[in-house]
Amino acid sequence: MSGKQASAQAGKGDVPVADRADAIRNVAVVGPAGSGKTTLVETLLVSAGVLSRAGSVVEGTTVCDFDDAEQRQQRSTGLALAPLMHDGVKINLLDTPGYADFVGELRAGLRAADCALFVIAANEGVDEPTRSLWRECAEVGMPRVVVISKLDHARADYDGVVLQAQAAFGDKVVPVYLREGDQLVGLLSDDHAHDTQRGALIEAVIEESEDETLMERFLGGEDVDKALLLEDLERAVAQGSFHPVLPVDSSNGVGATELLDLIVSGFPSPLEHTTPEVFTPEGKSGPAISCDADGPLVAEVVKTTSDPYVGRVSLVRVFSGTILPDATVHVSGHFSSFFGTPGDAASVGGHEDHDEDERIGSLSMPLGKTQRTCDKVVAGDICAIGRLTRAETGDTLSDKESPLVLKPWSMPEPLLPLAIEARAKADEDKLGQGLQRLAAEDPTLRIEHNAETHQIVLWCMGEAHADVVLDRLEHRHGAGVDQVELRVPLRETFGSSATAKGRHVKQSGGHGQYAVCDITVEPLPEGGGFEFVDKVVGGAVPRQFIPSVEKGVRAQMEKGVAAGYPVVDIKVTLTDGKAHSVDSSDMAFQTAGALALREAAASAKVSMLEPVDEIGVLVPDDLVGTVMSDLSGRRGRVLGSEPVGGDRTLVRAEVPQTEIIRYSIDLRAFSHGAASFTRSFARYEPMPDHLAAKYRD
Numbered sequence: 001m002s003g004k005q006a007s008a009q010a011g012k013g014d015v016p017v018a019d020r021a022d023a024i025r026n027v028a029v030v031g032p033a034g035s036g037k038t039t040l041v042e043t044l045l046v047s048a049g050v051l052s053r054a055g056s057v058v059e060g061t062t063v064c065d066f067d068d069a070e071q072r073q074q075r076s077t078g079l080a081l082a083p084l085m086h087d088g089v090k091i092n093l094l095d096t097p098g099y100a101d102f103v104g105e106l107r108a109g110l111r112a113a114d115c116a117l118f119v120i121a122a123n124e125g126v127d128e129p130t131r132s133l134w135r136e137c138a139e140v141g142m143p144r145v146v147v148i149s150k151l152d153h154a155r156a157d158y159d160g161v162v163l164q165a166q167a168a169f170g171d172k173v174v175p176v177y178l179r180e181g182d183q184l185v186g187l188l189s190d191d192h193a194h195d196t197q198r199g200a201l202i203e204a205v206i207e208e209s210e211d212e213t214l215m216e217r218f219l220g221g222e223d224v225d226k227a228l229l230l231e232d233l234e235r236a237v238a239q240g241s242f243h244p245v246l247p248v249d250s251s252n253g254v255g256a257t258e259l260l261d262l263i264v265s266g267f268p269s270p271l272e273h274t275t276p277e278v279f280t281p282e283g284k285s286g287p288a289i290s291c292d293a294d295g296p297l298v299a300e301v302v303k304t305t306s307d308p309y310v311g312r313v314s315l316v317r318v319f320s321g322t323i324l325p326d327a328t329v330h331v332s333g334h335f336s337s338f339f340g341t342p343g344d345a346a347s348v349g350g351h352e353d354h355d356e357d358e359r360i361g362s363l364s365m366p367l368g369k370t371q372r373t374c375d376k377v378v379a380g381d382i383c384a385i386g387r388l389t390r391a392e393t394g395d396t397l398s399d400k401e402s403p404l405v406l407k408p409w410s411m412p413e414p415l416l417p418l419a420i421e422a423r424a425k426a427d428e429d430k431l432g433q434g435l436q437r438l439a440a441e442d443p444t445l446r447i448e449h450n451a452e453t454h455q456i457v458l459w460c461m462g463e464a465h466a467d468v469v470l471d472r473l474e475h476r477h478g479a480g481v482d483q484v485e486l487r488v489p490l491r492e493t494f495g496s497s498a499t500a501k502g503r504h505v506k507q508s509g510g511h512g513q514y515a516v517c518d519i520t521v522e523p524l525p526e527g528g529g530f531e532f533v534d535k536v537v538g539g540a541v542p543r544q545f546i547p548s549v550e551k552g553v554r555a556q557m558e559k560g561v562a563a564g565y566p567v568v569d570i571k572v573t574l575t576d577g578k579a580h581s582v583d584s585s586d587m588a589f590q591t592a593g594a595l596a597l598r599e600a601a602a603s604a605k606v607s608m609l610e611p612v613d614e615i616g617v618l619v620p621d622d623l624v625g626t627v628m629s630d631l632s633g634r635r636g637r638v639l640g641s642e643p644v645g646g647d648r649t650l651v652r653a654e655v656p657q658t659e660i661i662r663y664s665i666d667l668r669a670f671s672h673g674a675a676s677f678t679r680s681f682a683r684y685e686p687m688p689d690h691l692a693a694k695y696r697d
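Residue numbers (this note's numbering): 1 to 697.
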């Protein structure tokens, strides 16, 4: 056997096992929904002998043609691994979702991969979702080969799609094969029948060459050695500066072998890919790691699934070291250390920080719905691990004696809030555990237990993501929930000054209750908070009961005075009162203080305050006017706009939260997926009276 063949062994149709990183290629399959990614994966599996035909059953296992609703949903919304072997090299294909709502799964796939197949349908061409996915790959420096699929479609236009791709992604997107009937013709071959296209390819490759004299020699008529061209092409592909285009016809498999050849020869192995940043659990910089099977163990959970019967299964990329079955590893999850803490200092949206040692279960190579066990997994490879009960997506596995943490990949911010409540008492008991398991699986899901509105709010990426979350809650975790109207946390304040008397007098045998207090309430400027001033003279209210009045006022402020929302930005002055030598008490004056604030509200104007967010909308230049007009219709104030390059503009505005609850859905709809936005809390502002009226008692 050759060196490669000795390090990655498998029979026809078997799942290969690798013991050297240079015999591994981790390949993300990327493309918009409907582009034919999963069909391409099937075609490559057939070509490698893992499947007898696309969608077929091998040893009782369907690879991608799932036969139940849960598996079909997973196919379109999740990350799936399909390993194969070609020319002695193990290729881990990571089929990623193409829907924008599941960009978190896409980013997980890009984190686990070292290169990507970028799939564009010959009948669809390059649209905005395609451009968005290209940007996702470019931002992480992912080497890409462009695959044109669906060549058998009636509206297929291979040449037209190539031109579209070049216009959208640059002149380094260059065909390396031409399609002639049921055959592919390599443009670097010695066949000069296609000199124009061949010349364009050679020039594009030479521009990436480290030999600066090569272009001059080629233009001077010198024949450039084919081996040298292939070497330069492979180097440029690995560096991500050159993107070969190949047609693959899944209906007959034409192009599949050529694509597998290019993956093996032109794509980087894990040895050539930059490893993520490493830290200690305490947040200090960790040692540099490399893709070395004998190095310290550093691996990352890129996907988590849980099943009531199977339990939790973790899909893991090993960056350093070797994982063995039944070994004890350290599991570290530190989202808040890297991404901040919206609320709880120990968690980010339901993802609690954690450090613990766990014994892993069996190691396996997943293929469809089966898990094929293996006795070790080396650096550079990807596997599934069972029985990691606390590991979540994004967590790091490392040696328990010297624990390390990889900085997680950037997570997209979920911007669609969804308020839910348990459908029945039996569902309440299962809801907490179900949400905990969903949070472990999905870092893009943020779970908020709002202390003000007393609602459970699921922050999702969009409607499709929300549908998947609700479906999994009910059918996978047995917790039925109903969607309810989202309550935005409003505030109340006094719009004018008022005076009032709080009188709490009760006599019912024995000691009674007696407390009277006179107060004046004045509005403070925005952000003024709360002030309490004591101006009592002559001991009308005994000194020990003055804090009781303040405590009662504060308690009533939390409950609200008009619509049940907290009161803010007021000054309360205690001016007078009465007490009884026997019947006055701390509780009586607390009650009197609360009554006084309610009485003052009855005679004053109480304003409703609403939260206002600052948002930034990234939009194509030709949609700037549409976005600004839409924001104005949402009572927004446009603060300005600035070009950010690539024919895109950032529009900044301040908009009330009540107006952007469904903005992620609306923006995607009228921009056809071409725009995105971010949001952050700015301040509270008075709500118009006609809108505030519906919130009052």
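Even glycine gets a Cβ: it sits at the ideal position worked out from N, Cα and C.
Should residue i go down as buried or exposed, given a rule of 16 or more other Cβ atoms within 10 Å for buried?
i	result
K150	buried
R20	buried
T373	exposed
D326	exposed
Q556	buried
V537	exposed
E59	Here the model assigns E59 a pLDDT of 34, short of 50, so the residue's position is not dependable and the matter cannot be decided.
F720	No information on residue 720 is available, as it lies outside the stretch 1 to 697 that the chain covers here.
S290	exposed
R72	Here R72 scores only 48 on pLDDT, less than 50, and its place in the model should not be relied on; the value that follows carries that caveat. With fewer than 16 Cβ atoms within 10 Å of its Cβ, R72 is classed as exposed.
Mind reading off the beta-carbon distance from residue i to residue j? Whole number of angstroms is fine, and I expect it under 8 Å.
i	j	result
G295	G321	5 Å
L597	V651	About 42 Å; that fails the 8 Å criterion.
C460	L445	7 Å
E300	V329	12 Å between Cβ atoms; not a contact.
Using the three-state DSSP reduction, which class does residue i fall into: helix, strand or coil?
i	result
W409	coil
S320	strand
R549	It should be noted that the sequence gives Val, not Arg, for residue 549. Looking at V549 - three-state DSSP - the assignment turns out to be helix.
K425	helix
T61	Only weak support exists for where T61 lies, its pLDDT of 33 falling under 50; the coordinates are left without a value.
L151	coil
Q513	strand
L187	coil
M85	strand
R598	helix
C137	helix
D355	strand
S676	strand
K37	helix
L418	strand
H465	helix
K571	strand
Determine the closest residue to residue i out of the options, with distance taken between C-alpha atoms.
i	options	result
L631	H243, F677, Q166, D225	F677
S603	L214, K501, A692, K226	K501
G640	G616, R662, G633	G616
V606	Y663, F530, P547, R696	R696
V331	T196, L404, C291, V310	L404
M411	V481, D101, R107	R107
E216	I202, P542, W409	I202
M365	V237, E642, L94	L94
A682	E413, A653, L81	A653
V655	T575, G673, E614, G625	E614
L618	M587, S664, L431, T658	S664
P270	A238, V521, A451	A238
V298	V541, N123, G380	G380
Strictly by DSSP, which residues pair up with residue i?
i	result
H449	I456
M365	R372
H477	For H477, which the question treats as bridged, DSSP gives no partner whatsoever.
M608	E492
N26	N92
M142	Looking at the DSSP assignment, M142 forms no beta bridge with any residue, so it has no partner.
L244	According to the sequence provided, residue 244 is Pro. The question's Leu does not apply to it. Paired residue(s): V174.
C115	V27
D650	As written in the sequence, residue 650 is Leu, which differs from the Asp given in the question. Partner(s): L618, E642.
D249	V254
G539	G539 pairs with nothing; no bridge assigned.
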